[in-house]
Amino acid sequence: MSPVIPTVASLLLAALWGLSVFAGWGLEAFCSDGESSRACADRLGMVSTVSSVFAIAAAVATVTAWFSRQSTLLGLAVAAWVAAEGVLFIGGVFVQ
């Protein structure tokens with residue numbers, strides 16, 4: 226398999242994670258109800274912190290895979306991005 230496919234998947238998942246955490250997509254999706262939105266935003270911040278552990282691991286795996294030309298790391302990177310998104314989504318559902 227070409228390394229382009231998992232690389233593009235990693236970049237798209239990284240963009241989705243970044244927009245969810247830093248651009249407010251996660252807040253809009255999980256904390257849009259009025260009166261409890263501040264408490265929800267605080268709880269979602271904790272979920273984002275936990276999710277960032279997986280995102281950092283995914284970013285490191287992606288960069289390492291490209292510089293060392295190890296395509297097996299690209300699969301690990303995609304899995305780590307999926308885990309970061311999963312933690313963010315499942316955590317967001319629980320903080321509502």
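Numbered by this note's numbering, the letters in the sequence shown go through residues 226 to 321 in order.
Even glycine gets a Cβ: it sits at the ideal position worked out from N, Cα and C.
Predicted model only: the values in this text are computed from it and were never measured.
The three-state secondary structure of P231, taken from DSSP, is helix. Contact between A286 and L298 holds, with the beta-carbon distance rounding to 5 Å and staying under 8 Å.
Excluding sequence positions up to five before and after V307, its CB lies within less than 8 Å of the CB of L238, all in the same chain and listed in chain order. Burial check for E253: the Cβ neighbour count within 10 Å stays below 16, so the residue is exposed.
In this structure, the alpha-carbon of A302 lies about 7 Å from that of A282.
If you look at S261, you'll find it isn't in any alpha helix (DSSP H); DSSP assigns it neither H nor E.
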